DNA sequence: CTCCTCTTCTGAAACGTTTCAGAAGTGTAG
DNA sequence: CTACACTTCTGAAACGTTTCAGAAGAGGAG
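Protein chains in written order, with the working numbering: chain X, 1 to 344; chain S, 345 to 688.
Now the structure itself:
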């Protein structure tokens, strides 16, 4: 091509460093040779940045897209990365359930959003070992890494207190995974204490706190741990919980998806919701308001959470040192899936 | 560290090439030095692969997450990439509406899923110039690049024929973007002919074909072109179309989101849907079945579309030459938003 | 003509790997 | 003791850029 590599580089990156004619000539030759501009990997290596941030999620990515709350969270992150002109790399979970650390190590990113991973997930350590700028979301804090999240415990407590105020005394709880490798089934107190997923652990703690301070016994409340956060699991949980004696009059779910499944089963069994049984959710996904009956649930700002996480991460990339954490507000949204307990 | 770089490399990538003790020692030193394993960029450069595939979308990414059809499509792609242990890089659209080619050129990926871009979008050319393995989805075919899609025209035609069979003769159409920079407003025939977005163009063509072959005049059917694929735009379209004389008794939408918006407005104006006005959608997003009334619409397999696109792309990566295209099946799903035309 | 400044371009080094041929050492068979 | 085969490790080159100091030449001021 008869020109130094550095000149080609300048043609693409610093037009002011060479004459317009030569620049045009370089492009012309590039076109003829089928050269599409600097290779991203070579450039990334030299410049020491990848031009993308990664997001690490506890489950398989493809599951995340089936969870409306996750999708909104992604929407927020992508908004932040788009603002900054960065790519968003979705890091694959283990291809066959096995958590491959390879993918985490191999992700060409400048920073990491680590979302909702179990405290003891080996992948979490792998991720932190990379010493990239990172931000934790809905997870226990780690020294030196900013966190974004909500007050899970407080919000759950408020939700349970609301039901107590309606006169309910017999509860059942539907939780998603408490720790890696959820078995699916009733989780006793010790299993609850082992919870390594922050949201499930904290929300149960909130429910427990409300119930104990009402003079009731949390130990008597059956907690069903689902294997995944999906409607079908909520159904399974309700099957079990509604067969208990004494039968609960109120079900506390840790997500709307689970709550929806529970309501389905309750109705199929001939109960009126909220007439006979009240069900409360968590997340306030868009479907919650559309649902019949509309779900009483805890609103949390999913999109904003993603946006905040993205922005905090990006600020770190810019080298603006102080990584601040953020706790976003929640709000109990009373709709139609809860009512005063029926007088016996 | 007292050991050759190649040995470190072997420690991480080829355990069989060195003694277990040395390998352990390497890791030990790595830990102490805070070395987290081979740098993805260096490795990528040398190995000539990035370990990720990119997805390029016509809109801003953050919009995509708000569209259930898009989300399902992503779900499919991510399933495919996850199977292959690859990352999924979401390439940012122009940060401020302006389509920056930088991001496309700068994406460190081994292949590209190019989804639903206008035929004349400069970014499309930029993407193809990279000469990476690619697959086009819901787009006009390009020589040498495999395509994945559905028979938009045939499916739309079937949908319109169904309405004609119900006795409707006065139609209105609600379309999303026909070409880059949609203005929002009635699109005349010449604008329709200019359509560069395959799905909108083909679906309208299908509607037109059905109507013409029923002996009606497509030229008399007002077509409202929305700026974006969202409920609020469907509302605007319906406001306009329902004010036309003669008033349409059936609205043909090119997406469910638009159909839902149209139904809202029709009802607010005191019409019964489907009593007075029939509305048909396209996509069969999950919300379509939940909606009141449930939407009559064209089902297409969104997740499978993403899965197919991903797999075809990944097959090309593996060097398996022949890139085959795929046309996925669709199906008219009759629900409650359509009915026989009211006898005057 | 000399000195200085500008513009335009170049050369070499560096970014962090992997690859591959081969060096060094250790056994084993003949 | 030689020949050969392993095993274990190393050195150099290459991957495709960008950066930075500076060479070469042109033009202007003194």
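Positions of the beta carbon are idealized from the N, C-alpha and C atoms, including for glycine. Remember, it's a predicted structure, so these values are computed and weren't measured experimentally.
Check for me: the alpha helix (DSSP H) holding residue i runs from which residue to which?
{"i": "residue 607/S", "result": "600-612"}
{"i": "residue 83/X", "result": "68-83"}
{"i": "residue 446/S", "result": "445-449"}
{"i": "residue 310/X", "result": "302-317"}
{"i": "residue 42/X", "result": "40-47"}
{"i": "residue 366/S", "result": "364-377"}
{"i": "residue 533/S", "result": "533-537"}
{"i": "residue 351/S", "result": "349-357"}
{"i": "residue 239/X", "result": "231-241"}
{"i": "residue 290/X", "result": "286-290"}
{"i": "residue 405/S", "result": "405-408"}
Could you please give the first and the last residue of the uninterrupted beta strand (DSSP E) stretch that includes residue i?
{"i": "residue 132/X", "result": "No beta strand (DSSP E) holds residue 132/X; DSSP gives it neither H nor E."}
{"i": "residue 206/X", "result": "Note, residue 206/X: premise wrong, no beta strand (DSSP E); alpha helix (DSSP H) at 198-213."}
{"i": "residue 147/X", "result": "147-150"}
{"i": "residue 455/S", "result": "455-459"}
{"i": "residue 401/S", "result": "396-401"}
{"i": "residue 642/S", "result": "641-643"}
{"i": "residue 569/S", "result": "567-569"}
Is residue j closer than 9 Å to residue i when the C-beta atoms are compared?
{"i": "residue 257/X", "j": "residue 68/X", "result": "yes"}
{"i": "residue 567/S", "j": "residue 531/S", "result": "yes"}
{"i": "residue 618/S", "j": "residue 514/S", "result": "no"}
{"i": "residue 402/S", "j": "residue 519/S", "result": "no"}
{"i": "residue 107/X", "j": "residue 309/X", "result": "no"}
{"i": "residue 110/X", "j": "residue 133/X", "result": "yes"}
{"i": "residue 494/S", "j": "residue 674/S", "result": "yes"}
{"i": "residue 51/X", "j": "residue 86/X", "result": "yes"}
{"i": "residue 385/S", "j": "residue 44/X", "result": "yes"}
{"i": "residue 276/X", "j": "residue 299/X", "result": "no"}
{"i": "residue 498/S", "j": "residue 105/X", "result": "no"}
{"i": "residue 335/X", "j": "residue 289/X", "result": "yes"}
{"i": "residue 250/X", "j": "residue 189/X", "result": "no"}
{"i": "residue 574/S", "j": "residue 516/S", "result": "no"}
{"i": "residue 472/S", "j": "residue 437/S", "result": "no"}
{"i": "residue 554/S", "j": "residue 504/S", "result": "yes"}
{"i": "residue 500/S", "j": "residue 596/S", "result": "yes"}
{"i": "residue 237/X", "j": "residue 221/X", "result": "no"}
{"i": "residue 137/X", "j": "residue 327/X", "result": "no"}
{"i": "residue 293/X", "j": "residue 337/X", "result": "yes"}
{"i": "residue 56/X", "j": "residue 123/X", "result": "yes"}
{"i": "residue 323/X", "j": "residue 144/X", "result": "yes"}
Measuring alpha carbon to alpha carbon, tell me which residue in the options is nearest residue i.
{"i": "residue 622/S", "options": "634/S, 586/S, 656/S, 650/S", "result": "586/S"}
{"i": "residue 88/X", "options": "481/S, 488/S, 447/S, 427/S", "result": "447/S"}
{"i": "residue 462/S", "options": "363/S, 346/S, 538/S", "result": "538/S"}
{"i": "residue 332/X", "options": "319/X, 290/X, 280/X, 340/X", "result": "280/X"}
{"i": "residue 669/S", "options": "682/S, 460/S, 655/S, 663/S", "result": "655/S"}
{"i": "residue 120/X", "options": "139/X, 47/X, 334/X, 244/X", "result": "139/X"}
{"i": "residue 364/X", "options": "6/X, 135/X, 29/X", "result": "Lying before the first or after the last residue shown, residue 364/X is absent from chain X, which here runs from 1 to 344."}
{"i": "residue 490/S", "options": "583/S, 563/S, 456/S", "result": "456/S"}
{"i": "residue 78/X", "options": "407/S, 422/S, 659/S", "result": "407/S"}
{"i": "residue 291/X", "options": "263/X, 84/X, 210/X", "result": "263/X"}
{"i": "residue 2/X", "options": "26/X, 15/X, 84/X, 260/X", "result": "26/X"}
{"i": "residue 270/X", "options": "83/X, 286/X, 239/X", "result": "239/X"}
{"i": "residue 228/X", "options": "205/X, 259/X, 306/X", "result": "259/X"}
{"i": "residue 29/X", "options": "18/X, 70/X, 19/X, 8/X", "result": "8/X"}
{"i": "residue 651/S", "options": "641/S, 561/S, 427/S", "result": "427/S"}
{"i": "residue 49/X", "options": "444/S, 383/S, 391/S, 393/S", "result": "383/S"}
{"i": "residue 459/S", "options": "548/S, 348/S, 414/S", "result": "414/S"}
In the DSSP assignment, what are the bridge partners of residue i?
{"i": "residue 521/S", "result": "In DSSP, residue 521/S forms no bridge with anything."}
{"i": "residue 623/S", "result": "595/S"}
{"i": "residue 327/X", "result": "149/X"}
{"i": "residue 87/X", "result": "52/X"}
{"i": "residue 341/X", "result": "In DSSP, residue 341/X forms no bridge with anything."}
Report the CB separation of residue i from residue j in whole angstroms; it is logged as a contact under 8 Å.
{"i": "residue 201/X", "j": "residue 178/X", "result": "7 Å"}
{"i": "residue 234/X", "j": "residue 226/X", "result": "7 Å"}
{"i": "residue 65/X", "j": "residue 419/S", "result": "4 Å"}
{"i": "residue 168/X", "j": "residue 303/X", "result": "No, residue 168/X and residue 303/X are not in contact; Cβ-Cβ is about 32 Å, not under 8 Å."}
{"i": "residue 475/S", "j": "residue 34/X", "result": "6 Å"}
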